[in-house]
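Number of protein chains: 2
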Amino acid sequence: MTHEQKIHQWLKQNGMRGIKLLQRLVQEPSRREQEGKAQAIILEKCRELGLSIDLWEIGDDSLRNHPNFYCDRTDFKGNPNLVAVLKGAGGGKSLILNGHIDVVPEGNPNDWEDDPFSGTVKDGKVYGRGATDMKGGTVSLLLALETIISLGIKLKGDVIFQSVIEEESGGAGTLASVLRGYHADGAIIPEPTNMKLFPLQQGSMWFRLTVKGKSAHGGTRYEGVSAIELALEVVNQIKLLEQKRNDSLNHPLYENLPIPIPINIGKIESGAWPSSVPDKAIIEGRFGIAPTETMESAQTAMEDCIARLNAEHDWFQKKPIEIEWFGARWLPGKLDLNHSLMETITDSFIKVKGEPPLVEASPWGTDGGYLSNIGGIPVVVFGPGTTEVAHDANEYIEIEKMIEAAEIIALSIVGWCGPMRDNIHGKEAD
Amino acid sequence: MTHEQKIHQWLKQNGMRGIKLLQRLVQEPSRREQEGKAQAIILEKCRELGLSIDLWEIGDDSLRNHPNFYCDRTDFKGNPNLVAVLKGAGGGKSLILNGHIDVVPEGNPNDWEDDPFSGTVKDGKVYGRGATDMKGGTVSLLLALETIISLGIKLKGDVIFQSVIEEESGGAGTLASVLRGYHADGAIIPEPTNMKLFPLQQGSMWFRLTVKGKSAHGGTRYEGVSAIELALEVVNQIKLLEQKRNDSLNHPLYENLPIPIPINIGKIESGAWPSSVPDKAIIEGRFGIAPTETMESAQTAMEDCIARLNAEHDWFQKKPIEIEWFGARWLPGKLDLNHSLMETITDSFIKVKGEPPLVEASPWGTDGGYLSNIGGIPVVVFGPGTTEVAHDANEYIEIEKMIEAAEIIALSIVGWCGPMRDNIHGKEAD
């Protein structure tokens, strides 16, 4: 039997173990600052697999002083990062397998059919917050490792499994692992891509604009200057900027997307009293960053747009729009479509599915931005689960996809890290 | 000496008494539900003047069940309405003098140079919340009465002085006084008109629009429908409606106003997260009502506009905009420019100032709406103080204007209610 056949067979017989593991992970609500108990389950599994464990609380000075640390969390006590290494024999390429353990809040429990943290299994799906984003993906990683270890396949390169905190809040967990020295020749992040390969990831930053008008009584509203009307002008200018930025993108993966790097106006607040002309408006939004640009150049594009408006607009000359960048940021990511890591995963995909994977650009940032931009590590985002159900009520993952992803990842590990020669012979001869 | 001369002289000698009275009134912060102590000062003054007092707590069933009771206040205990009558000898026209005792909140005390309720006298002005809106006007009324009473001028018609609560919240105090049976042949309300005559008053109602979009991740914002963008379309439609309504107005007093009956968008709130497409927007505003229309027809104009948008707009066909009318309402008011009450006040004005008054339409509703629409009483709004400083920090009134208004009102009382014949002869002979 070939490795492929053995991996397929092992997962066919044992893949369902992943369900129990995923249920236990979902049942620990690992919201921000509550990641500890779910990490303990991962730790237990990694020990069982015999991996070398590195468990630590992030937040040292090297992290906090890093220019790309965009994090408002101060307390990391009791909620560690975890890295578990399957050491290779040497002479092969290393691979990071990165998953985040934190989940977004569950929202209104009444919107859920079952308890948000039930881990209920129904119709071939596991339900609960984090099932798809991305505990299901993490289970695929652990199943892939378990398959390889159980089958006794020896690798040349190291496999570095990471279960990090803080992805949903900007990625400080993965940044900490990069700064701790974890590098590799490639990385796979099984975020919910619905089994597509995402070599490109859109980055993003949050902005806040403060627009100032002039108050007046609503009955003589012409004596004031409405911050709401000014805000509308600003929003229109931002839409023009969005159009200009997107028109100038020409990556093949962006050909079919209506707006590859959107500028989303997510929030507007203005006025306090129906009978008054509002004198201030706050606009908050998400600025999409192209994989082909830097965060700094994206920032400059937006600041230039606002500066031009401040220079050309009569009112804004007197009361300039203020811009702030606040909250979390997600670095964009970019890998050549024909990079060897893409080839390895594509080959594995074809072996399992009998057809090539869809290749797309992700509309959101991932921790891959830190791995590639700060760590210099080639990254492909590929995983089971779908974005449609992530962050929503009744989040679920299809069990079949989770196990299929495990198989493709196991083959990719073997293909990338390289099986030991004697190992090949020994096993292939069975 | 003529009445005019005597009134002028008396006020010249005694008008400064009004300062002390105004200071005491300003020093009692008669915010909503805290009107009692300021009313007690008015009561004391009315007793001193020998008026017949009617002091009562409003809120009986006839008020609460009235179709024009737009009030969310349930507790009127300890904060009474006050009506004090100077009974005439009979055979003359009666006159209501109406002032409200409630003041709007003082806002941030740090925005004030002195304490908001200091009653400080500086440079010929009395400072403090309510000085201009409208305790200063009320002092003009009381000074006018004191002048007439002190000079022993006997009147034919009744003078009905009213110090009401709730004007700033829609006028339940004045509505209660109408329902209690206080009617007259005319009324003067000394709101801050800056010594202009306002025979027309703009009414208003508050509306709330709920606009529904479709949520999506900001990175794929084209998969959602932004409630903010929809709200902008709605705002534009409302501006068209405003233009149409104002274009069709042709009252001479509106010729020079840029927007006689504005629709003010006072507040907008949409979205909760920069990275999400917002699925709901709430717009709140003030709908100006022309003196020449009814509240109902104004309401219909707005509802028709929204209904048309709901019928014609693809998205709103599926998710219609919802409209609510909420909070307080102010009825519009209208008096013929050549009504005899206008003539009386104009004559008095010319006698005091040597030139005719400016005549304008008020951009806001007053309790005059209740007096005229419900009570059928001709109303002119005329008073010292200016709207510019009302509702703002460092509110003040010019003492000279307050006393000048008292003189014009005193002459108007005598002119309207008619001095007794013997009284005329007796006094004019002095």
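Chains as they are written, first to last, in this note's numbering: chain A, 93 to 522; chain P, 93 to 522.
We put the beta carbon where it would ideally sit given N, CA and C, even for glycine.
query                                                                                                                                                  : result
For the alpha helix (DSSP H) containing Asn-200(P), name the first residue and the last one.                                                           : First-last for Asn-200(P): undefined, no H or E at that position.
What residues in its chain sit with their C-beta under 6 Å from that of Phe-168(A), if we drop five residues either side in the sequence?              : Glu-149, Ile-150 and Gly-151
Under 8 Å by Cβ, that's how I've got Met-512(A) and Lys-248(A) pegged, so tell me the actual separation to the nearest angstrom.                       : 6 Å
Examine chain P for any beta-carbon lying closer than 7 Å to the beta-carbon of His-517(A), and answer yes or no.                                      : Because His-517(A) carries a pLDDT of 44, less than 50, the predicted location of this residue cannot be relied on, and the following value inherits that uncertainty. So, not an interface residue.
With a threshold of 6 Å (Cβ to nearest heavy atom), would Lys-248(P) be considered close to the ligand FMN?                                            : The ligand FMN is not part of the structure shown, which contains no ligands of any sort.
How is the alpha helix (DSSP H) around Ala-399(P) delimited, first residue to last?                                                                    : 387–404
Consult DSSP for Arg-313(P) and reduce its assignment to one of helix, strand or coil.                                                                 : helix
By DSSP's criteria, Asp-146(P) is part of a beta bridge. Which residues make up the other side?                                                        : Val-175(P)
Which residues share a DSSP beta bridge with Arg-356(A)?                                                                                               : Correcting the residue type first, residue 356(A) is Asn in the shown sequence and not Arg. Arg-378(A), per the DSSP bridge assignment.
With 16 other CB atoms within 10 Å as the buried threshold, where does Asn-157(P) fall?                                                                : exposed
Tell me the DSSP bridge mates of Gly-191(P)?                                                                                                           : Ser-255(P)
Taking the DSSP output, what are the residues bridged to Met-434(A)?                                                                                   : None; Met-434(A) has no bridge partner.
Which residues, in chain order, does the region 341–357 of chain A contribute to contact with chain P at a C-beta distance below 9 Å?                  : Leu-349, Pro-350, Ile-351, Ile-353, Pro-354, Ile-355, Asn-356 and Ile-357
In this structure, does DSSP put Phe-408(A) in helix, strand or coil?                                                                                  : helix
Between Asp-146(P) and the rest of its own chain, which residues show a CB-CB distance below 6 Å, the 5 nearest in sequence each way excluded?         : Val-175
Can you tell which of Val-270(P), Thr-312(P), Thr-230(P) and Thr-266(P) has its C-alpha closest to the C-alpha of Pro-282(P)?                          : Thr-230(P)
Residues in the region 397–424 of chain P with C-beta within 8 Å of chain A's C-beta atoms, listed in sequence order?                                  : Gly-419
Kindly indicate if chain P contains any beta-carbon less than 7 Å away from that of Gly-180(A).                                                        : no
Which residues of chain A have a Cβ atom closer than 8 Å to the Cβ of Leu-324(P), listed in chain order?                                               : Leu-324 and Val-327
With burial defined as no fewer than 16 other Cβ atoms inside 10 Å of the residue's Cβ, what is the status of Arg-400(P): buried or exposed?           : exposed
Beta carbons nearer than 7 Å to chain A: which residues of the region 360–383 of chain P have them?                                                    : Ile-360, Glu-361, Ser-362, Gly-363, Ala-364, Trp-365, Pro-366, Ser-367, Ser-368, Val-369, Pro-370, Glu-376, Gly-377, Arg-378 and Gly-380
State yes or no: is the C-beta of Leu-433(A) within less than 7 Å of the C-beta of Pro-383(A)?                                                         : no
Do the CB positions of Gln-294(A) and Pro-449(A) come within less than 7 Å of each other?                                                              : no
With a threshold of 16 other CB atoms inside 10 Å of the CB of Gly-183(A), please say whether the residue is buried or exposed.                        : exposed
Measure the beta-carbon distance from Lys-304(P) to Lys-372(P) and round it to whole angstroms, keeping in mind my assumption that it falls under 8 Å. : 6 Å
Could you check if His-517(P) is buried or exposed, using at least 16 other CB atoms within 10 Å of its CB as the buried criterion?                    : With a pLDDT of 44 at His-517(P), under the threshold of 50, the modelled position of that residue is not reliable, and the figure given next carries that caveat. Exposed is the call here.
To which residues of the same chain is Arg-109(A) closer than 6 Å at the C-beta, ignoring the five residues directly before and after it?              : none
Taking CB distances under 7 Å as the criterion, tell me whether Ile-320(A) reaches chain P.                                                            : yes
Select from the region 262–295 of chain P all residues with a C-beta closer than 9 Å to any C-beta belonging to chain A, and list them in chain order. : Gln-294
If you count every other CB in all the chains shown that lies within 10 Å of the CB of Asp-206(P), and 16 or more means buried, which is it?           : exposed
Can you tell me whether Leu-332(A) is buried or exposed, with buried defined as 16 or more other CB within 10 angstroms of its CB?                     : exposed
Do Trp-417(A) and Phe-253(A) have their C-beta atoms within less than 7 Å of each other?                                                               : no
When DSSP labels each residue in this structure, what does Gln-293(P) get in the three-state scheme?                                                   : strand
Taking just the CA atoms, how far does Ser-368(P) sit from Arg-337(P)?                                                                                 : 37 Å
My assumption, with CB atoms under 8 Å, is that Asn-190(A) sits in contact with Val-251(A). Please give the rounded CB distance.                       : No, Asn-190(A) and Val-251(A) are not in contact; Cβ-Cβ is about 11 Å, not under 8 Å.
Please state whether the Cβ-Cβ distance between Ile-501(P) and Gly-216(P) is less than 7 Å.                                                            : no
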